[in-house]
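Remarks on the structure that follows.
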Amino acid sequence: MSTTETGCSSTEPEVTGGLGYDETELTLSLPGAGGSRPSETDRKRGFAETVGLNLGAASRGEDCGARSSDSSDGPVSSALKLSAAKAQVVGWPPVRSFRRNALRSCTYVKVAVDGAPYLRKVDLEAHGGYEQLLVALEEMFSCFTVRYYPDERRLVDPVNGTEYVPTYEDKDGDWMLVGDVPWKMFVASCKRLRLMKSSDAINLATRMPQACTNNK
Amino acid sequence: MTEDCDGEEQDEETRRWSPGQGSSSSSRGGGSGASASSPLKTRCVRGRVDQPPPFSGLVLENVLENVLQFLACRRDRNAASLVCRSWYRAEARTRLELFIGNCYAVSPARALGRFRCARALVLKGRPRFADFNLVPVGWGARFSPWVASMAVAYPWLERVCLKRMTVTDADLALLARSFSSFRDLTLICCDGFGTPGLAAVAELCRNLRVLDLIENDVEDEDEEVVDWISRFPETATCLESLSFECVNCPVNFAALEALVARSPSLRRLRVNQHVSVGQLRCLMVRAPQLTHLGTGSFETVPAADGAAELDVAELESAFVASKSLVCLSGFRMVAPEYLPAIYPVCAGLVSLNLSYATTTAEQLKPVILQCHNLRTFWVLDTVGDEGLRAVAKTCKHLQGCQRLRSILYFCQRMTNAAVVTMSKNCQDLVVFRLCIMGRHRPDHITGEPMDEGFGAIVMNCKKLTRLAVSGLLTDKVFEYIAKYGKLVRTLSVAFAGNSDLSLRYVLEGCHKLQKLEIRDSPFGDAGLLSGIHHYYNMRFLWMNSCKLSLRGCKEVAQRLPRLVVEVFGDQNKDLDSDAVEKLYLYRSLVGPRDDVPSFVKIL
Numbered sequence: 001m002s003t004t005e006t007g008c009s010s011t012e013p014e015v016t017g018g019l020g021y022d023e024t025e026l027t028l029s030l031p032g033a034g035g036s037r038p039s040e041t042d043r044k045r046g047f048a049e050t051v052g053l054n055l056g057a058a059s060r061g062e063d064c065g066a067r068s069s070d071s072s073d074g075p076v077s078s079a080l081k082l083s084a085a086k087a088q089v090v091g092w093p094p095v096r097s098f099r100r101n102a103l104r105s106c107t108y109v110k111v112a113v114d115g116a117p118y119l120r121k122v123d124l125e126a127h128g129g130y131e132q133l134l135v136a137l138e139e140m141f142s143c144f145t146v147r148y149y150p151d152e153r154r155l156v157d158p159v160n161g162t163e164y165v166p167t168y169e170d171k172d173g174d175w176m177l178v179g180d181v182p183w184k185m186f187v188a189s190c191k192r193l194r195l196m197k198s199s200d201a202i203n204l205a206t207r208m209p210q211a212c213t214n215n216k
Numbered sequence: 001m002t003e004d005c006d007g008e009e010q011d012e013e014t015r016r017w018s019p020g021q022g023s024s025s026s027s028r029g030g031g032s033g034a035s036a037s038s039p040l041k042t043r044c045v046r047g048r049v050d051q052p053p054p055f056s057g058l059v060l061e062n063v064l065e066n067v068l069q070f071l072a073c074r075r076d077r078n079a080a081s082l083v084c085r086s087w088y089r090a091e092a093r094t095r096l097e098l099f100i101g102n103c104y105a106v107s108p109a110r111a112l113g114r115f116r117c118a119r120a121l122v123l124k125g126r127p128r129f130a131d132f133n134l135v136p137v138g139w140g141a142r143f144s145p146w147v148a149s150m151a152v153a154y155p156w157l158e159r160v161c162l163k164r165m166t167v168t169d170a171d172l173a174l175l176a177r178s179f180s181s182f183r184d185l186t187l188i189c190c191d192g193f194g195t196p197g198l199a200a201v202a203e204l205c206r207n208l209r210v211l212d213l214i215e216n217d218v219e220d221e222d223e224e225v226v227d228w229i230s231r232f233p234e235t236a237t238c239l240e241s242l243s244f245e246c247v248n249c250p251v252n253f254a255a256l257e258a259l260v261a262r263s264p265s266l267r268r269l270r271v272n273q274h275v276s277v278g279q280l281r282c283l284m285v286r287a288p289q290l291t292h293l294g295t296g297s298f299e300t301v302p303a304a305d306g307a308a309e310l311d312v313a314e315l316e317s318a319f320v321a322s323k324s325l326v327c328l329s330g331f332r333m334v335a336p337e338y339l340p341a342i343y344p345v346c347a348g349l350v351s352l353n354l355s356y357a358t359t360t361a362e363q364l365k366p367v368i369l370q371c372h373n374l375r376t377f378w379v380l381d382t383v384g385d386e387g388l389r390a391v392a393k394t395c396k397h398l399q400g401c402q403r404l405r406s407i408l409y410f411c412q413r414m415t416n417a418a419v420v421t422m423s424k425n426c427q428d429l430v431v432f433r434l435c436i437m438g439r440h441r442p443d444h445i446t447g448e449p450m451d452e453g454f455g456a457i458v459m460n461c462k463k464l465t466r467l468a469v470s471g472l473l474t475d476k477v478f479e480y481i482a483k484y485g486k487l488v489r490t491l492s493v494a495f496a497g498n499s500d501l502s503l504r505y506v507l508e509g510c511h512k513l514q515k516l517e518i519r520d521s522p523f524g525d526a527g528l529l530s531g532i533h534h535y536y537n538m539r540f541l542w543m544n545s546c547k548l549s550l551r552g553c554k555e556v557a558q559r560l561p562r563l564v565v566e567v568f569g570d571q572n573k574d575l576d577s578d579a580v581e582k583l584y585l586y587r588s589l590v591g592p593r594d595d596v597p598s599f600v601k602i603l
């Protein structure tokens, strides 16, 4: 990723290039809402809104369509999707999590990693979809990378090759594989996340094949 | 290279730690606790490291110690310790507060070995960008080795303040068990502990005066929540300050109320959002002597109370009775109908924090118009321009902004003209942090980069020590900062600059620079290497998502052996395996740390 003459950051993804300042507009819009793009002369946006749902353009409608057919995509488009997801920049604007949590209703869930002694929390609402959630997990546990399989995604620890399957506990107390249900349904029902070693995950409920196309 | 000579401006939390204040408050209230005001009476045994000085030298050291005990400022002490070996020893014996700005710059053994009589420790761990999830989990900054060493070396320890450290329940239990005079615990932006650790502190620290938990990540599995409030001694306590806004689980209110009732010295109470406004009123009635109050939710929580909704008049009478209140914060949910209840205390308020409340201008005006004595004010943009005008009109100490010393401002967009105006009106600014949340945003009227605005700040605000820049910025702004920002100690850069020139300007021009944190800016090895002459004078440099390579970072590590150079970050290195995603370098007296996680490489 090259630097433009105006000094754009090297992490500005080229896949969403050409969006100019709109791309950096932090808005309240939920993913898939499409809706009105804020114009440059728009009214000032509230701090609380901005901090509360930190979604860039990449999380909006145009990407959701692409993601739903990711089951057959190879590594190239995975990289594209990753960089699109990264347009939502980690840690920007620089507001501590305490304040972020306080300014809005919380969909923070705990994330546990098998074999690791610490717990982290991730805010489900802050992400537009499964891709972005995985990116956030990747960033959080920076030793992991995302590996894409036909029907699912796994996180891999390259140091020892251990694969982790993202799973979650839903409202009924069942442990499910992340990615099975539509995103919004997942956000509403997920109580906590667990990165389970894939060797332990074989007993989890198998998925319905058509569930993939519902993913956002 | 001396021990930490950091130059940062002190937060409110750390400002409370200057030994002078410690002594004055220790004389009040009951309880034991060796008084910090008379170190001569409680001087500990001298540990000789080298040849004993000649007799006259001994006398001189005694005299020197009597003098040095009055020296509070750590930078003065650092200077004094450099005069000669005798001064070094005398200073080491009389230093009561140990400030360590980077826990990896020195080891517990080394620090405790030099300062044998310290009664207070201030310790900072992770770099600040960890607050924004830029430092991966498990990176380090553990309190464990420190508390283990202090349990042996400082049995008289009284105070600990930690920032961005990982503190476990076991650490807190060890702390509580090991120091019979322990009185002050302040944890800021820490993690790793939960209510079990708090319970140990409450139960075992019989002389506890201060328990301040500020913006920590308090982890509790639901099944493991402990009723820590009930663990305080059942007799009268010495508590002066209790802050637990960041503890996410509800506390036992009956126990809290009883605790407040038997804590006659309590002056500062900041509760979490699970305390309803009705419960708050009960607490205020028990403690009308409070000076600092964190109000919790400030709304009725229907299920919790069980009682009828609180009448505003009742709440107001509680505020009327709180004649000493100077600092008000909390307001986590703030039901607007309760806000007028605070009118009786507004005139006495020095500090008001409404930054968690979506207050409108209409709601704010009647409040702010009475706050003539306000010096510190936090508010959200929901008050709008009209609200801010009311602030400017009333708060003479903020009025015209002439006396403003610190601005932290988030906005979507900004103009150079506005920033220039700020720089001219507020020439006393010490801290200026402007966050234009839209990345790379130019002046929204002229379309120009924001260089001139920030340039005016460094030019006109001659006392500026801390600066955070944002918006569309070219190398030019860094040229200004280098030329005029001669006192700048902390600089925060995000999505800015064109080239390595920016970094070179800053590293060559800002002679007082101590802390530099940079993200997502096109600075590479050439820029990094231009700071070789200065890195030993800094506490740290952090860079992520820039254009650094392993080669450049290795060269820095080779040329500066007393620097620890850590690289870590994404494993997505398909394109350029030499690219460094995250760099954190810092001077250290003890070389590479031994608790490095697998994703960190020390060069």
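Chains as they are written, first to last, in the UniProt record's numbering: chain A, 1 to 216; chain B, 1 to 603.
For glycine and all other residues, C-beta sits at the position ideal for the given N, C-alpha and C.
The structure presented is a predicted model; accordingly, all values stated were derived computationally and were not measured.
Short Cβ contact (8 Å threshold) for residue i with residue j
| i | j | result |
| --- | --- | --- |
| B/L269 | B/A287 | yes |
| B/S502 | B/F523 | yes |
| B/F298 | B/G348 | no |
| B/I214 | B/S241 | no |
| B/F432 | B/L464 | yes |
| B/C103 | B/M165 | yes |
| B/L211 | B/F193 | no |
| A/V111 | A/L195 | yes |
| B/G552 | B/L528 | yes |
| B/A361 | B/V383 | yes |
| B/R177 | B/L204 | yes |
| B/S355 | B/V379 | yes |
| B/I532 | B/L560 | yes |
CB-CB length for residue i against residue j, believed under 8 Å
| i | j | result |
| --- | --- | --- |
| B/A335 | B/T300 | 7 Å |
| B/V312 | B/E337 | 6 Å |
| B/S549 | B/D578 | 5 Å |
| residue 611 of chain B | B/A141 | Lying outside 1 to 603, the shown extent of chain B, residue 611 of chain B is not represented and no answer is given. |
| B/L208 | B/L239 | 6 Å |
| B/L603 | B/R587 | Incorrect: roughly 15 Å between the Cβ atoms, too far for contact. |
Length of the line joining the Cα atoms of residue i and residue j
| i | j | result |
| --- | --- | --- |
| A/P150 | B/E223 | 38 Å |
| B/G278 | A/F186 | 36 Å |
| B/S545 | A/Y108 | 26 Å |
| B/F410 | B/R489 | 21 Å |
| B/S263 | B/A236 | 6 Å |
| B/A105 | B/R93 | 21 Å |
| B/I445 | A/E163 | 51 Å |
| A/P182 | B/E581 | 33 Å |
| B/A456 | B/M437 | 20 Å |
| B/L434 | B/F454 | 9 Å |
| B/R466 | B/M450 | 18 Å |
| A/T167 | B/F495 | 35 Å |
| B/I407 | B/N460 | 15 Å |
| B/A153 | B/P108 | 10 Å |
| A/G91 | B/F232 | 38 Å |
Boundaries (first-last residue) of the alpha helix (DSSP H) holding residue i
| i | result |
| --- | --- |
| A/E169 | Not the alpha helix (DSSP H): A/E169 falls in the beta strand (DSSP E), residues T162 to D170. |
| B/C346 | Y343 to C346 |
Span of the beta strand (DSSP E), counted from its first residue to its last, around residue i
| i | result |
| --- | --- |
| B/Y409 | S406 to C411 |
| B/E517 | K515 to R519 |
| A/D157 | R153 to D157 |
| B/C435 | V431 to I436 |
Proximal residues to residue i (C-beta, below 6 Å), its chain only, five neighbours per side dropped
| i | result |
| --- | --- |
| B/P196 | D169 and V226 |
| B/K393 | none |
| B/L187 | L162, L213 and N216 |
| B/E61 | S86 and A90 |
Other residues of its chain near residue i: CB distance less than 8 Å, five sequence neighbours each side excluded
| i | result |
| --- | --- |
| B/L325 | L290, T291, H292, L293, F319, V345, G348 and L349 |
| B/V285 | A318 and A321 |
Neighbour list for residue i in chain C, Cβ cutoff strictly below 8 Å
| i | result |
| --- | --- |
| B/R332 | In summary, chain C is missing from the structure at hand, where the protein chains are A and B. |
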